[in-house]
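For reference, the structure is listed below as structure tokens.
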Amino acid sequence: MSLEEEAQRYANTCPRSRSAIFTRPNSGENFAMITSSTSALDAAVRVYSKEKNYPLNIAKDGFQAVRSWWSIIFRNGMNRRVVYTEFLERKPMSPSNMTQVCG
Numbered sequence: 001m002s003l004e005e006e007a008q009r010y011a012n013t014c015p016r017s018r019s020a021i022f023t024r025p026n027s028g029e030n031f032a033m034i035t036s037s038t039s040a041l042d043a044a045v046r047v048y049s050k051e052k053n054y055p056l057n058i059a060k061d062g063f064q065a066v067r068s069w070w071s072i073i074f075r076n077g078m079n080r081r082v083v084y085t086e087f088l089e090r091k092p093m094s095p096s097n098m099t100q101v102c103g
């Protein structure tokens with residue numbers, strides 16, 4: 001199964017938390033759930049960006065997810081070389097999501 005197929009299969013389950021590492025031994029994972037008072041589909045249909053080809057709320061939610069991945073670095077720190085180490089992986093509030101976004 002390709003990485004894309006694996007990711008889509010998992011996304012289709014509409015997960016509410018990260019998956020266990022043993023369930024995906026050959027791939028990493030970024031997980032962010034952004035709650036909203038309106039359904040994402042409803043908001044996507046109603047609100048469009050005039051400058052872009054995609055719904056504005058999707059761009060905003062994506063930005064919010066990436067900001068949350070980066071915020072861990074600002075709160076928890078990382079080494080000067082920005083090298084992901086075993087120490088960082090085992091650290092409380094590990095920057096694992098950010099490193100998968102930017103790796």
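One point on numbering: in the UniProt record's numbering, the residue at position 18 of the sequence shown is 18, and numbering is uninterrupted. The beta carbon of each residue, even a glycine, is placed where N, CA and C say it ideally should be. Just so you know, these numbers come straight off a predicted model, no measurement behind them.
In the structure shown, residue 23 adopts helical secondary structure according to DSSP, grouped into three states. Separation of residue 6 and residue 75 (C-alpha to C-alpha, rounded to the nearest whole angstrom) is 32 Å.
When rounded, the separation of the alpha-carbon atoms in residue 94 and residue 66 is 15 Å. Shown here, residue 29 sits in coil according to DSSP, grouped into three states, outside any helix or strand. According to the DSSP assignment, residue 9 belongs to the alpha helix (DSSP H) that extends over 3–11. Taking C-beta separations shorter than 6 Å and ignoring five residues to either side along the sequence, the partners of residue 31 in its chain run 18, following chain order. Spanning the alpha carbons of residue 83 and residue 72 requires a straight line of approximately 15 Å. Taken atom to atom, the span from the alpha-carbon of residue 14 to that of residue 29 is near 14 Å. For residue 18, there is no enclosing alpha helix (DSSP H), as DSSP marks it with neither H nor E.
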